[in-house]
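Just so we're aligned, residue 2 is where the sequence shown starts under our numbering, counting upward by one.
Quick reminder that beta carbons are idealized off the backbone N, C-alpha and C, glycines included.
It should be emphasised that the depicted structure is a prediction, and the values quoted were computed from it without experimental measurement.
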Amino acid sequence: FKPKKVPFIPYSGFNGDNLVEKSDKAAWYKGWTANISPKKKITGFTIYDALNDFIVPPKRFPDAELRLPISNIYNIKGVGQIICGTVEQGTLRPGDVIGIAPA
């Protein structure tokens, strides 16, 4: 990892310092600067700024076929089988009919 590419933010989740609004409890803190690319520099003060301005969400393909690798199957008495996994691609909505195929 390269320190100039990562925002450094002193914060306190317990006290709410530098989460959404800049805190005056760290007077020495002048904000963070991070380089997304050699020509693009992002600045901010809070974790909110970092999440909104620095982190770029991955490209999504909601119309692609659903891919959900199954990580676990639970048998719950009175409920039935619960299938757990992470959606890697596509969209799953209530009422959708799905098919399960081995990898």
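- Excluding its 5 nearest sequence neighbours in each direction, Q82 has C-beta neighbours in its own chain below 8 Å: I74, Y75 and N76, listed in chain order.
- Contact between the region 5-19 and the region 32-48 is present, with at least three C-beta pairs closer than 8 Å.
- Per the coordinates, the alpha-carbon of G91 lies some 24 Å from the alpha-carbon of L52.
- For A65, same chain residues with a beta-carbon under 7 Å away, outside a window of 5 residues either side, are Q90 and G91 in chain order.
- By the neighbour-count criterion, in which a residue is buried when 16 or more other Cβ atoms sit within 10 angstroms of its Cβ, N19 is buried.
- Shown here, N19 sits in coil according to DSSP, grouped into three states, outside any helix or strand.
- For the 8 Å CB-CB criterion, P70 and G86 form a contact.
- 8 Å or more divides the Cβ of I101 from the Cβ of L67.
- At a Cβ-Cβ threshold of 8 Å, A35 and F55 count as neighbours.
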